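Trainee: 210 is the number that my numbering gives to position 206 of the sequence shown; each next residue is one higher, with no gaps.
Just so you know, even glycine gets a beta-carbon here, dropped at the ideal spot from N, CA and C.
This structure is a prediction, so every number in the text was calculated from the model and none was measured.
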Amino acid sequence: EHPKDEFLMATGYITGGLKPLIDKVNKEEMIPWLDGSYSTEIFGPEGGPTKYPYYYSLGATYGDQIRVLMKWIKENHKGKDKPRVGFVYSPTAWGRDGTPEGIAYAKKIGLDVVAEIEYPYTATDATNECMALRKAKADYVVYHGYSGAGSYTAIFFKTAKKIIPKAQLMGTHYTTGRFPILVAQEAFDGYVGVATRPFSDAIPRDKTPMDNPMVKLSHEFAQKYRPNEYKAGLKGGGIKDMFLYMEGLTYALMLQEVLVRADKAGDLSRQGVKKALDEMVWDFKGMFDGKTFAYKSHTIPMLRIFKAQVKMVEVDGKPVPTGGVYPISDWINTDEIKW
Numbered sequence: 005e006h007p008k009d010e011f012l013m014a015t016g017y018i019t020g021g022l023k024p025l026i027d028k029v030n031k032e033e034m035i036p037w038l039d040g041s042y043s044t045e046i047f048g049p050e051g052g053p054t055k056y057p058y059y060y061s062l063g064a065t066y067g068d069q070i071r072v073l074m075k076w077i078k079e080n081h082k083g084k085d086k087p088r089v090g091f092v093y094s095p096t097a098w099g100r101d102g103t104p105e106g107i108a109y110a111k112k113i114g115l116d117v118v119a120e121i122e123y124p125y126t127a128t129d130a131t132n133e134c135m136a137l138r139k140a141k142a143d144y145v146v147y148h149g150y151s152g153a154g155s156y157t158a159i160f161f162k163t164a165k166k167i168i169p170k171a172q173l174m175g176t177h178y179t180t181g182r183f184p185i186l187v188a189q190e191a192f193d194g195y196v197g198v199a200t201r202p203f204s205d206a207i208p209r210d211k212t213p214m215d216n217p218m219v220k221l222s223h224e225f226a227q228k229y230r231p232n233e234y235k236a237g238l239k240g241g242g243i244k245d246m247f248l249y250m251e252g253l254t255y256a257l258m259l260q261e262v263l264v265r266a267d268k269a270g271d272l273s274r275q276g277v278k279k280a281l282d283e284m285v286w287d288f289k290g291m292f293d294g295k296t297f298a299y300k301s302h303t304i305p306m307l308r309i310f311k312a313q314v315k316m317v318e319v320d321g322k323p324v325p326t327g328g329v330y331p332i333s334d335w336i337n338t339d340e341i342k343w
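#1: Helix, strand or coil: how does DSSP classify Tyr-234 here?
#2: Since Thr-15 sits in a beta bridge, which residues does DSSP pair it with?
#3: Which one or two residues does DSSP pair with Arg-308 in a beta bridge?
#4: Taking DSSP's pairing of strands, which residues face Ile-336 in a bridge?
#5: Going by alpha carbons, who is nearest to Met-34 out of Gly-321, Asp-334, Tyr-299, Lys-279?
#6: My parser needs the alpha helix (DSSP H) runs of 4 or more residues fully inside the segment 76-126; what are they?
#7: CB-CB under 7 Å to Ala-119, same chain, minus the five flanking residues each way: which ones, in chain order?
#8: Note down the Cα distance separating Met-174 from Gly-270, rounded to an integer number of angstroms.
#9: Could you say if the segment 174-189 and the segment 236-251 meet the contact criterion of at least three C-beta pairs nearer than 8 Å?
#10: Where does Leu-281 fall in DSSP's three states?
#11: So is Gln-275 buried or exposed if we call it buried at 16+ other beta carbons inside 10 Å?
#12: Starting from Leu-221, trace the alpha helix (DSSP H) both ways and give me its first and last residue.
#13: Distance, Cα to Cα, Gly-52 vs Glu-105?
#14: With Ser-222 and Tyr-249 assumed to form a contact (beta carbons below 8 Å), what rounded beta-carbon distance in angstroms separates them?
#15: Assuming Ala-191 and Phe-161 form a contact by the criterion Cβ under 8 Å, report the distance between their Cβ atoms to the nearest whole angstrom.
#16: Around the Cβ of Gln-227, are there at least 16 other Cβ atoms within 10 angstroms (buried) or fewer (exposed)?
#17: May I ask you to report which of helix, strand or coil DSSP gives Glu-318?
#18: According to DSSP, what are the bridge partners of His-148?
#19: So the alpha helix (DSSP H) Leu-186 belongs to, where does it begin and stop?
#20: My output table needs one value for Ala-298: the three-state DSSP class, helix, strand or coil.
#21: What does Val-329 pair with, by DSSP beta-bridge criteria?
#22: Tell me the DSSP secondary structure of Ile-159 in three-state form.
#23: Considering only residues of the same chain and omitting the five flanking positions on each side of Glu-233, which have a CB-CB separation below 7 Å?
#24: Would you say Thr-341 and Lys-78 are within 9 Å of each other, going by their C-beta atoms?
#25: In this structure, what does DSSP give as the bridge partners for Gly-175?
#26: Write down the C-beta distance between Gly-328 and Ile-207 rounded to the nearest angstrom, noting that I regard them as a contact closer than 8 Å.
#27: Would you say Asp-215 faces chain D, with C-beta separation under 9 Å as the test?
#28: State the Cα-Cα distance for the pair Leu-25 and Ile-18, rounded to the nearest angstrom.
Below is the structure:
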């Protein structure tokens with residue numbers, strides 16, 4: 005137990021942990037809670053600071069992520085016919101989070117939603133799902149509610165590349181990074197997805213673009229404090245993906261920034277921390293290439309669209325994937341979009 009004048013903030017990482025604590029955090033303890041959840045229910049229009057005044061998210065909601073993808077389709081589709089969009093999502097709270105908002109927005113802006121398919125984590129084959137997408141003549145397929153490191157992701161992408169090779173595969177934050185390249189290999193080439201962070205770990209690692217200050221800082225931290233694990237990389241005990249390392253640093257830097265602001269304001273209390281968060285306008289150490297965000301919506305409403313470039317090369321007689329996901333848009337502030 006900590007006295008309230010010492011225990012000023014708390015953190016979490018998943019939506020499943022937020023929901024049981026709603027009353028505890030927002031009514032009983034009234035403690036600012038920083039979370040990695042992108043829950044549309046909690047941080048979207050029907051939730052947010054009015055309903056959950058002490059919850060703060062570190063990224064744009066899944067609803068906004070998928071709507072940005074729909075907007076990209078609308079603006080980039082070639083051809084006279086309406087874009088035909090299929091949705092593939094996990095039969096979980098995560099997979100269903102943001103999907104209804106994405107579907108509704110797709111219809112609103114004139115896209116044809118031609119398939120809505122649940123694809124489970126236990127899948128050992130994705131032929132039926134991909135055949136259904138082919139039958140529906142989907143031009144675009146949004147894959148949402150999955151880890152990029154899962155075997156089901158490799159199975160789906162490799163199957164899709166064979167059965168619906170012309171369809172544009174797309175996805176949200178957790179499939180826009182390094183791990184899908186490792187598991188899906190060349191089948192991931194050409195993927196278009198959104199992410200709430202800059203891409204931080206190319207394959208090989210020394211090919212990672214270091215023009216983003218936050219990416220550079222993360223690699224410098226890892227090299228200084230975890231040199232052996234950084235060098236080991238994909239080998240046993242190594243840092244296999246800098247994404248999670250940078251995520252930890254993101255939490256730490258936000259905690260530091262808000263506590264310093266509250267202290268400078270002369271109110272290092274829970275209410276002082278909340279006030280500092282609510283009034284924060286920050287560039288997050290250059291994470292968004294100089295753009296700032298306001299925390300008034302209790303989300304960091306920034307995201308970017310990326311495209312995967314993957315090439316197989318031979319190393320010691322074995323084919324190995326190389327490449328990364330690279331930006332095809334500027335940083336987008338979802339608070340500024342007129343949906």
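Mentor: According to the structure data:
#1: In the displayed model, Tyr-234 falls within a helix according to three-state DSSP.
#2: Per DSSP, Leu-38.
#3: Ala-199
#4: Leu-307
#5: Lys-279
#6: 97-100, 103-112
#7: Gly-90, Phe-91, Ala-136, Leu-137, Ala-140, Ala-142
#8: 47 Å
#9: Taking 8 Å as the limit for Cβ pairs, the verdict is that the segment 236-251 does touch the segment 174-189.
#10: helix
#11: exposed
#12: 217-229
#13: 16 Å
#14: 6 Å
#15: 4 Å
#16: exposed
#17: strand
#18: Tyr-93
#19: 183-188
#20: It is a strand residue.
#21: Ala-312
#22: helix
#23: Gly-241, Gly-242, Ile-243, listed in sequence order.
#24: The residue asked about is misnamed: residue 341 is Ile in this sequence, not Thr. No, they are not a contact pair.
#25: Tyr-147, Gly-197
#26: About 7 Å separates the two Cβ atoms, so the contact holds.
#27: Reference to chain D is not applicable here, since this structure consists of a single protein chain.
#28: Cα-Cα distance, rounded: 12 Å.
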